[in-house]
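Written below as structure tokens is the structure these notes are about.
Structure follows, in structure tokens:
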């Protein structure tokens, strides 16, 4: 009797659990189909965001024609990104382009991209001055390839003085209002492009499921569906239907992927993520944003299951390119190719780290403090350790985004774009977002609504602190400079 019962239980277990599991494995053979089905199973607003038409522009012929004219050194220059501090002198609003440093960066190395601020958010006038000189130098090179400047416009044009700031992503998620998210990111795009910056390192599409992680507030929270919908709304607001339009910028999805789930909560430390969890909870936000047309991704600075993000070919090529069909370019995060040597210890030296990262799928290196990447990559190609086909693949992707942005036709700062900066209605959108982000967890004893006849004392070190209200990515990296707030 006991044996019969045991066999019956086994039979029930096999029928109930194993058969669906086998079916699941069978369904998982074509992961791309799974991703596409999952993305399209969503609400009306999300579907509208996905269906918006893209401009009928094909720059393939122009890209290929230019690529054929380029030397190895010019191609590697396009794959190199340096921080602004490499080409300026001075501090704060008094920074100036150092002509000798600029000549070295663009004249000698052909650096294709710059990023960041030297110390703090700059005025529109200063941005136009700096980027104008960078593009002027680029127009004097043999092939006149424009530079692409990138900045972290995280919750508004956060590095442009006087720009409109919005709640951080965790606050925007609390609004449950993707249309409002879309409008906020449209304003962000206009005020970023008004400063002559065509590329934003946003949105953050990491899932907030590790409360110990110090950058939790940069995420849309724990729910992959909400994060997916808000992320697509963010991307559509930034990119619109045409990133060549002076009201829009190219987006960069970050930090692809699994960055927000470190085991110990510390930034840039290892994560252990089973593949089924990765696909069900982490991947959908990126897959949806890629489907809607995002032009670039920034790579996870940390490590997943023992493999650093910047050396993970499965994630950077097999999944990103093969399954999700991403067509744009992948940029590293700050110094992360070097960190394959200094932190992760998976490469013996920077030369090996560079080879690993480029072959894994990194198209542009945020170096950002020296010329080592360019020098080393040229050597690797000449030594046939990195094939020219891989270099061409990366540069082709970078040039396409530059063409899509209209930088070849209009490389210089646009005076008309400045008219889109600082309109009074932007502040009302920000106020509405702040109001909708407020969340009441529990209304004990009918505390709300407040009586008009009562007064409430708000006290403590953060009671009147714009720093605490705005947090990071506000005029400076940690938002910690009170003199910059209005």
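Numbering (my numbering), first residue to last: 842 to 1327.
Glycine included, C-beta positions come from ideal geometry on N, C-alpha and C.
Since the model is a prediction, treat every value here as computed from it, not as a measurement.
Under 9 Å between the Cβ atoms of residue i and residue j?
{"i": "residue 1080", "j": "residue 1090", "result": "yes"}
{"i": "residue 1261", "j": "residue 1032", "result": "yes"}
{"i": "residue 888", "j": "residue 986", "result": "no"}
{"i": "residue 1146", "j": "residue 1102", "result": "no"}
{"i": "residue 978", "j": "residue 944", "result": "yes"}
{"i": "residue 955", "j": "residue 925", "result": "yes"}
{"i": "residue 991", "j": "residue 1054", "result": "no"}
{"i": "residue 1204", "j": "residue 1249", "result": "no"}
{"i": "residue 965", "j": "residue 1039", "result": "no"}
Would you decide whether residue i is buried or exposed? Buried here means 16 or more other CB atoms lie within 10 Å of its CB.
{"i": "residue 1225", "result": "exposed"}
{"i": "residue 1116", "result": "exposed"}
{"i": "residue 892", "result": "exposed"}
{"i": "residue 1166", "result": "exposed"}
{"i": "residue 1139", "result": "buried"}
{"i": "residue 1329", "result": "This structure leaves residue 1329 out entirely; the chain is present only between 842 and 1327."}
{"i": "residue 999", "result": "buried"}
{"i": "residue 912", "result": "exposed"}
{"i": "residue 1300", "result": "exposed"}
{"i": "residue 1211", "result": "exposed"}
Sorted by chain position, which residues of the same chain lie with C-beta nearer than 6 Å to residue i's C-beta, five sequence neighbours on each side aside?
{"i": "residue 1127", "result": "1046, 1094, 1097, 1098"}
{"i": "residue 1278", "result": "1008, 1012, 1015, 1016"}
{"i": "residue 951", "result": "915, 918"}
{"i": "residue 994", "result": "1029, 1033, 1041, 1043"}
{"i": "residue 959", "result": "925, 926, 929, 936"}
{"i": "residue 1037", "result": "968, 969, 972, 1254"}
For residue i, which beta-bridge partners are listed by DSSP?
{"i": "residue 1094", "result": "1138"}
{"i": "residue 1144", "result": "1111, 1149"}
{"i": "residue 989", "result": "954"}
{"i": "residue 1205", "result": "1172"}
{"i": "residue 938", "result": "929"}
{"i": "residue 924", "result": "956"}
{"i": "residue 1317", "result": "1315"}
{"i": "residue 1041", "result": "992"}
Spatial neighbours of residue i within its chain, please: C-beta separation below 8 Å, excluding the five flanking residues on both sides.
{"i": "residue 1184", "result": "1109"}
{"i": "residue 1067", "result": "1014, 1017, 1061"}
{"i": "residue 1257", "result": "1087"}
For residue i, which residues in the same chain have their Cβ closer than 7 Å to its Cβ, ignoring the five residues on either side in sequence?
{"i": "residue 1181", "result": "1149, 1151, 1152, 1187, 1188, 1194, 1197, 1198"}
{"i": "residue 1275", "result": "1008"}
{"i": "residue 1005", "result": "997, 1028, 1032, 1267, 1268, 1271"}
{"i": "residue 1322", "result": "961, 1316"}
{"i": "residue 946", "result": "923, 927, 928, 952"}
{"i": "residue 1213", "result": "1191"}
Assuming residue i contacts residue j (C-beta within less than 8 Å), just tell me the rounded distance between them.
{"i": "residue 1078", "j": "residue 1026", "result": "3 Å"}
{"i": "residue 1133", "j": "residue 1076", "result": "6 Å"}
{"i": "residue 1022", "j": "residue 1074", "result": "4 Å"}
{"i": "residue 1157", "j": "residue 1130", "result": "With 8 Å as the limit, residue 1157 and residue 1130 do not qualify as a contact, their Cβ atoms being about 16 Å apart."}
{"i": "residue 974", "j": "residue 938", "result": "5 Å"}
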